[in-house]
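> For the sequence shown, this note's numbering assigns the number 84 to the initial residue and increments by one for each residue that follows. Built from N, CA and C at the ideal position, the CB exists for glycine as well.
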Amino acid sequence: MENLTAKELSEKLLYKKQSAFERFERSELENADAYAKDYAVYLDSSKTEREAVEYTVDMLGAYGFKPYTLGADVYPGDRFYTVNRNKSLIAFVIGARGVADGFRILAAHIDSPRLDLKQHPIYEDNGVCYAKTHYYGGIRKYQWATIRLALHGVVTLKGGENITVTVGEDEGDPVFCISDLLPHLAKDQNAKTLGAAFTGEGLNVILCASPFTEDGRPAEVDDKVKLNLLSTLYDKYGITESDLMSAELCFVPAGRTVDVGFDRTLIGGYGHDDKVCAYTELTAMLENLDGENSIMCVFADKEETGSDGPTGMQGRLMIDIMDEVARATGCDPIAVRAASKCLSADVAAAFDPCYPDVYEKANSALLSCGVAVAKYTGSGGKYSTNDCPAEFVGEVRDVLDAAGVLWQTAELGKVDAGGGGTVAKYISRYNIDTLDIGVPVISMHAPFEIVSKYDVYSAHKAFSAFCKG
Ligand code: MN
Ligand code: MN
Numbered sequence: 084m085e086n087l088t089a090k091e092l093s094e095k096l097l098y099k100k101q102s103a104f105e106r107f108e109r110s111e112l113e114n115a116d117a118y119a120k121d122y123a124v125y126l127d128s129s130k131t132e133r134e135a136v137e138y139t140v141d142m143l144g145a146y147g148f149k150p151y152t153l154g155a156d157v158y159p160g161d162r163f164y165t166v167n168r169n170k171s172l173i174a175f176v177i178g179a180r181g182v183a184d185g186f187r188i189l190a191a192h193i194d195s196p197r198l199d200l201k202q203h204p205i206y207e208d209n210g211v212c213y214a215k216t217h218y219y220g221g222i223r224k225y226q227w228a229t230i231r232l233a234l235h236g237v238v239t240l241k242g243g244e245n246i247t248v249t250v251g252e253d254e255g256d257p258v259f260c261i262s263d264l265l266p267h268l269a270k271d272q273n274a275k276t277l278g279a280a281f282t283g284e285g286l287n288v289i290l291c292a293s294p295f296t297e298d299g300r301p302a303e304v305d306d307k308v309k310l311n312l313l314s315t316l317y318d319k320y321g322i323t324e325s326d327l328m329s330a331e332l333c334f335v336p337a338g339r340t341v342d343v344g345f346d347r348t349l350i351g352g353y354g355h356d357d358k359v360c361a362y363t364e365l366t367a368m369l370e371n372l373d374g375e376n377s378i379m380c381v382f383a384d385k386e387e388t389g390s391d392g393p394t395g396m397q398g399r400l401m402i403d404i405m406d407e408v409a410r411a412t413g414c415d416p417i418a419v420r421a422a423s424k425c426l427s428a429d430v431a432a433a434f435d436p437c438y439p440d441v442y443e444k445a446n447s448a449l450l451s452c453g454v455a456v457a458k459y460t461g462s463g464g465k466y467s468t469n470d471c472p473a474e475f476v477g478e479v480r481d482v483l484d485a486a487g488v489l490w491q492t493a494e495l496g497k498v499d500a501g502g503g504g505t506v507a508k509y510i511s512r513y514n515i516d517t518l519d520i521g522v523p524v525i526s527m528h529a530p531f532e533i534v535s536k537y538d539v540y541s542a543h544k545a546f547s548a549f550c551k552g
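1. Does DSSP put cysteine 35 in a helix, in a strand, or in coil?
2. Going by other Cβ atoms of all chains shown within 10 Å of its Cβ, with 16 needed for buried, is asparagine 209 buried or exposed?
3. Here's the rule: buried if 16 or more other CB atoms are within 10 angstroms of the residue's CB, otherwise exposed. What is threonine 366?
4. Assuming contact is defined by CB atoms lying nearer than 8 Å, are alanine 542 and alanine 493 in contact in what I supplied?
5. Mapping DSSP to helix, strand and coil, what is proline 416?
6. When you compare only the Cα positions, how much space is there between asparagine 287 and leucine 264?
7. When burial is assigned at 16 or more other CB atoms within 10 Å of the CB, is glycine 144 buried or exposed?
8. Hey, lysine 358 and isoleucine 222: beta-carbon distance below 8 Å or not?
9. Suppose the cutoff is 8 Å on Cβ atoms and the five residues either side in sequence are ignored; what does the same chain contact list for aspartate 116 look like?
10. Here's the rule: buried if 16 or more other CB atoms are within 10 angstroms of the residue's CB, otherwise exposed. What is valine 304?
11. Any heavy atom of ligand 1 closer than 7 Å to the CB of valine 430?
12. Does at least one heavy atom of ligand 1 sit under 7 Å from the Cβ of glutamate 364?
13. With valine 335 and tyrosine 353 assumed to form a contact (beta carbons below 8 Å), what rounded beta-carbon distance in angstroms separates them?
14. In three-state DSSP terms, what is leucine 97?
15. Is the stretch 249 to 262 in contact with the stretch 168 to 176, if contact means three or more CB pairs nearer than 8 Å?
16. What do you reckon, is the C-beta of aspartate 406 under 7 Å from a heavy atom of ligand 1?
17. Starting from lysine 458, follow the alpha helix (DSSP H) in both directions and report where the run begins and ends.
18. Given that a residue counts as buried once 16 or more other Cβ atoms are within 10 Å of its Cβ, and exposed if not, what is alanine 292?
19. Compare the beta carbon distance of aspartate 384 and glutamate 111 with 8 Å and say whether it is the shorter of the two.
20. Under a three-way DSSP split, which group does alanine 183 fall into?
21. Whose C-beta lies closer than 7 Å to the C-beta of glycine 463 among residues of the same chain, with five residues either side of it excluded?
22. Could you tell me whether any non-hydrogen atom of ligand 1 is closer than 7 Å to the CB of histidine 192?
23. Helix, strand or coil for leucine 450 per DSSP?
24. Since leucine 232 contacts cysteine 212 with CB under 8 Å, what's their CB separation in whole angstroms?
25. Is the distance from the Cβ of proline 196 to the Cβ of tyrosine 219 below 8 Å?
26. Given a cut-off of 8 Å, decide if alanine 432 and glycine 374 are closer than it, judged by their beta-carbon atoms.
27. Who are the Cβ neighbours of threonine 139 in its own chain at under 7 Å, not counting the five residues just before and after it?
28. So is the beta-carbon of glutamate 387 under 7 Å away from any non-hydrogen atom of ligand 2?
29. In whole angstroms, give me the CA-to-CA distance for proline 530 and leucine 489.
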């Protein structure tokens, strides 16, 4: 040590976060750029968890994955997937070594904050027909007024047939919208707090603004605008108002994913949280189909509302599948779980220079500084967190470094500023080593979220290294 200069010593001892611009070769920057284009197609095709499942099934099919039934025979090299109630998906490949050494599990969620329609959504007021909504997940309500909204979802008819609805995405489609006050009349609203100025019951979406007509004249009935809307819906989809009681329809931001900024480093779009982690995991698994390790991808629903229900990560399906595969290959399910390892991938809050007060910069993820590892999440005194043991953090750190992955650590923000959790704790409770990791996001949960292409690409590389490691 005494032979080193201070500069040499500081290089040896001090941690210095690096950015992709310092670390990536030109070819890697180009790879990240190309990868981002494919990701954008996935994101635009996956605005709801159902759409993400459909898109993923198509991709898996192209790689020879087959539907799996619980209890089926399983052999090394097999590629299977299970779709759970059209809303979540588990895919796995059995490696050359089988499952005695456990699965490498990659988990993410494919639901995103949005505005669901209520079960009796449609009402008419002063010549305009609206949809009542019930927001899904943590939204900042003011962000959803005066933006273009698209309608996505399914309506289950009597007898079970599903009608798929998508309006507002194609060229020439109409879009939908929630109105807001003009500034000239917003004096009272402006005096309210941000949280109080916009209410859940105020998030009503314009659907129709003209009456049903008979002989070219407005019909002589009550609620003629609502009748006009229902008549349009019946002509187009064959649905009636009562069919909406068994529907899952939602409004999401309309439009496509786009590059942000002159240099095109950043990608703006709806639902990066957490489709950016789902896609990077999926492509990592598809890159490692013929390896030694068995790999499982879990794309969960309901994370944004607490992971409850049969399609959420608190459901048992992932464990049931692991147990059944273990039995089918002559392994002890408990031992297979104990030998398994998981990266629980969910987006991190990227440090936002416009709001420095809520972040503690040294422990925040920075844009374009790589995929972000979070030893713990939670809130306050680390409540409701997985808090991964140092040993497994160390193991993953070695895997990432050996593969040359650009990575950093992340906390959500200042200790007392708020907090949030992930699905990690619902996996680690089964005696599976689990670490939180994900892509840093600016404006998380907003209708238009921003990530860096280089962080997206780093996430993909991290997951791929984990599949091999
Ligand atoms: Mn998330
Ligand atoms: Mn979220």
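In short:
1. Outside the shown range of the chain, which is 84 to 552, sits residue 35, and nothing can be said about it.
2. Working through the sequence shown from its first residue, we reach residue 209 at position 126. Exposed is the call here.
3. What you label residue 366 is simply residue 283 of the sequence shown in a count that begins at 1. Buried, because 16 or more other Cβ atoms sit within 10 Å of the Cβ of threonine 366.
4. Position 459 of the sequence shown, counting from 1, holds the residue named residue 542. Position 410 of the sequence shown, counting from 1, holds the residue named residue 493. Not closer than 8 Å, so no.
5. Here residue 416 is taken as the residue at index 333 of the sequence shown, counted from 1. Correct three-state label for proline 416: helix.
6. Numbered from 1 along the sequence shown, position 204 holds the residue referred to as residue 287. Numbered from 1 along the sequence shown, position 181 holds the residue referred to as residue 264. In a straight line, the C-alpha of asparagine 287 is about 13 Å away from that of leucine 264.
7. Here residue 144 is taken as the residue at index 61 of the sequence shown, counted from 1. Exposed, because fewer than 16 other Cβ atoms sit within 10 Å of the Cβ of glycine 144.
8. Taking the sequence shown and counting its residues from 1, the one referred to as residue 358 is at position 275. Taking the sequence shown and counting its residues from 1, the one referred to as residue 222 is at position 139. Against a cut-off of 8 Å, the Cβ pair of isoleucine 222 and lysine 358 comes out as no contact.
9. For the purposes of this step, residue 116 is identified with residue 33 of the sequence shown, where counting begins at 1. Excluding sequence neighbours, aspartate 116 sits near Arg347, Lys536.
10. The sequence position of residue 304 within the sequence shown is 221, counting from 1. The residue is exposed, with fewer than 16 neighbouring Cβ atoms inside 10 Å.
11. In the sequence shown, the residue the question calls residue 430 occupies position 347. Yes, since a heavy atom of ligand 1 falls inside the 7 Å radius drawn around the Cβ of valine 430.
12. To locate residue 364, count along the sequence shown from 1; it is residue 281. For ligand 1, not one heavy atom lies less than 7 Å from the Cβ of glutamate 364.
13. Position 252 of the sequence shown, counted from the start, is the residue given in the question as residue 335. Position 270 of the sequence shown, counted from the start, is the residue given in the question as residue 353. 6 Å between Cβ atoms; contact.
14. The residue you call residue 97 lines up with position 14 of the sequence shown. Three-state DSSP puts leucine 97 in coil, outside helix and strand.
15. no
16. Stepping through the sequence shown from its first residue, residue 406 is reached at position 323. Not under cutoff, so the answer is no.
17. The count along the sequence shown starts at 1 and reaches residue 458 at position 375. No alpha helix (DSSP H) contains lysine 458, which DSSP labels as neither H nor E.
18. As a working mapping, residue 292 is identified with position 209 in the sequence shown. Exposed.
19. In the sequence shown, residue 384 corresponds to position 301, counting from 1. In the sequence shown, residue 111 corresponds to position 28, counting from 1. Not in contact: aspartate 384 and glutamate 111 (Cβ atoms no closer than 8 Å).
20. By one-based count along the sequence shown, residue 183 stands at place 100. Reduced to three states, the DSSP call for alanine 183 is coil.
21. Residue numbering aside, residue 463 sits at position 380 when the sequence shown is read from its first letter. Hits under 7 Å: Gly502.
22. Taking the first residue of the sequence shown as 1, we reach residue 192 at position 109. Because some heavy atom of ligand 1 lies under 7 Å away, the Cβ of histidine 192 counts as near it: yes.
23. For the purposes of this step, residue 450 is taken as residue 367 along the sequence shown, with counting starting at 1. In the structure shown, leucine 450 sits in coil (DSSP, three-state: anything other than H, G, I, E or B).
24. Here residue 232 corresponds to residue number 149 of the sequence shown, with the count starting at 1. Here residue 212 corresponds to residue number 129 of the sequence shown, with the count starting at 1. Their Cβ separation, rounded to whole angstroms, is 15 Å, which puts leucine 232 and cysteine 212 out of contact at 8 Å.
25. Against the sequence shown, residue 196 aligns to sequence position 113. Against the sequence shown, residue 219 aligns to sequence position 136. Yes.
26. Within the sequence shown, the letter at position 291 stands for residue 374. Within the sequence shown, the letter at position 349 stands for residue 432. Taking 8 Å as the Cβ cut-off, glycine 374 and alanine 432 do not qualify as a contacting pair.
27. Residue numbering aside, residue 139 sits at position 56 when the sequence shown is read from its first letter. If we look at threonine 139 and ignore the five residues flanking it on each side, its Cβ neighbours are Leu172, Leu365, Phe382.
28. Locating residue 387 in the sequence shown gives position 304, counting from the first residue. Yes - ligand 2 has a heavy atom lying nearer than 7 Å to the Cβ of glutamate 387.
29. On the sequence shown, residue 530 is found 447 positions in, with the first residue counted as 1. On the sequence shown, residue 489 is found 406 positions in, with the first residue counted as 1. Answer to the nearest angstrom: the Cα atoms are 28 Å apart.
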